[in-house]
Structure formats: structure tokens, C-alpha cells
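Q: If you want the numbering used here, it's the 1-based position in the sequence shown plus 49.
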Amino acid sequence: MTDAATFWDKIAPKYAQDAIKDMAAYEYTLERTKSYLNADDRVLEMGCGTGSTALQIAPHVREMTGTDISPVMAEIARTKAAAGGIKNVEFRVATAQDAAKLSGTFDVVLGFNLFHLVRAPEDIFDDVYAMLLRGGFFITKTPCLNDKSVGLKRFAFKAMIPLMRMLGKAPYVGFFTQKEYDDALRFAGFEIVEAGNFPAISRYVVAKRA
Numbered sequence: 050m051t052d053a054a055t056f057w058d059k060i061a062p063k064y065a066q067d068a069i070k071d072m073a074a075y076e077y078t079l080e081r082t083k084s085y086l087n088a089d090d091r092v093l094e095m096g097c098g099t100g101s102t103a104l105q106i107a108p109h110v111r112e113m114t115g116t117d118i119s120p121v122m123a124e125i126a127r128t129k130a131a132a133g134g135i136k137n138v139e140f141r142v143a144t145a146q147d148a149a150k151l152s153g154t155f156d157v158v159l160g161f162n163l164f165h166l167v168r169a170p171e172d173i174f175d176d177v178y179a180m181l182l183r184g185g186f187f188i189t190k191t192p193c194l195n196d197k198s199v200g201l202k203r204f205a206f207k208a209m210i211p212l213m214r215m216l217g218k219a220p221y222v223g224f225f226t227q228k229e230y231d232d233a234l235r236f237a238g239f240e241i242v243e244a245g246n247f248p249a250i251s252r253y254v255v256a257k258r259a
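1. What residues match up with A130 in a beta bridge as DSSP calls it?
2. What does DSSP give as the partner residues of D90 in its beta bridges?
3. Give the secondary structure of S84 by DSSP, where H, G and I count as helix, E and B as strand, and everything else as coil.
4. Per DSSP, what kind of secondary structure is L79 in: helix, strand or coil?
5. Output the boundary residues of the alpha helix (DSSP H) element that contains I210.
6. On the DSSP bridge list, what partners appear for M95?
7. So, with DSSP's three-state summary, where would you put F56?
8. Give me the Cα-Cα distance between V142 and S152, rounded to the nearest whole angstrom.
9. According to DSSP, Y230 sits in a beta bridge with which residue or residues?
10. Under 9 Å, do P62 and I118 count as touching if we go by C-beta distance?
11. In this structure, does DSSP put L151 in helix, strand or coil?
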């Protein structure tokens, strides 16, 4: 098991119980995302955590697959799906890198609050582009922690996170700007059809495969 998987396994029970910090922003994210979905879609969510978003999306699509690096997170997600009687969703254990290489194709791929937590996200973008059907959507929401819009907090993050990692209190965190994030998506071949910030620190992007 990787260090990242161990970290997320350890915090999974508390993570599952924590309330969403900004419910208005979360609900708006869901609303915008659902507007790109069709009933016949096959959808993948990478970094699905305990499945909260996947279970919100599943009733609106034909097939939903959620992946997460943490076996404990994935098991909590399966338990929630069973309790809710949601049959068209499957949860698998996989890193973001492995999830982007799953066999088959998808109409939509989701990745929320994920890509600042993985190394070389641009490599994953290339694989996601290849797994999407033509005209498919890659919908992400990502804290761009090196952006000027973050203000002085970005310097605090850069100072604090390495120390927290040494203490086992934080995972790997990458720092990039909104422009760098958008440019990486475009370099992979995507067309950005919608972008916004809600809340301000998080970049919501709908990218379309040509």
C-alpha cells in the first residue's frame, strides 16, 4: 500500500462524517455538472472518496464508476450505495494514474478536489483524453494554490504543508496557478467550454474532447 493510500485510509472514517464546508458551492458544482450529463452516459469519477458525489450523479446516468486510492474510502462508498439501493454504481480501488488507464471508454470523466493531490497531473490528462469518447467531457474542480487569487495564503500553504507532511498530517500537495492548470488541459487536446471559481480558491473546468 502506498503512503498516500495509508494516509487516506487513516482519515476515511472522519472524512465520511465531516460536513461539506461550503454547501452552496458544492450544490452549484453538482448543478453545473449535471447539465452536461445524459441518461445514457457512462461516467467515471476519479478520486471519489466515500462516494458522496458519485451517488448524487448515478441516478442521472446509465453507469457510474468511482475510483479511489483508499480501500477504506471505497468500502465506505460501497456501503452507502447499498444502503441507498443504488444499483448502477461500482466503486474500485485505483490511483488516479491507474484509473485513467481503465479499459473501455467513457462519456464523462470527473475529478473533484483531486489533481492538486497527484504528481504530474498533466500526464493523467493525456490518458483521460484517450479514454473519453469524442465529444465527451472532462469535468474537474481543483484548488489552484499558487494562484494570485489565493492571496498571501499561498505562502502560508507552502510553508505549512511540508511540515504537516513530515508529521503525517497532510498528503502530497502540488502548487500551480489557474493558467497553468488550464494550459495543461489545452495541451492535452481539450477545449475548455466552461470555467469558474466557486469558491474562489477552486477552479471548476469543463473540458471537451475533440
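Where is the CB? At the ideal position from N, CA and C, for every residue including glycine. Just so it is clear, the structure is predicted and the values come from calculations on it, not from any experiment.
A: A quick look at the data gives this:
1. None; A130 has no bridge partner.
2. According to DSSP, which records beta bridges pairwise, D90 is partnered with nothing at all.
3. coil
4. helix
5. K202 to M215
6. T116 and G160
7. helix
8. 15 Å
9. Answer is none; Y230 lacks a bridge partner.
10. no
11. coil
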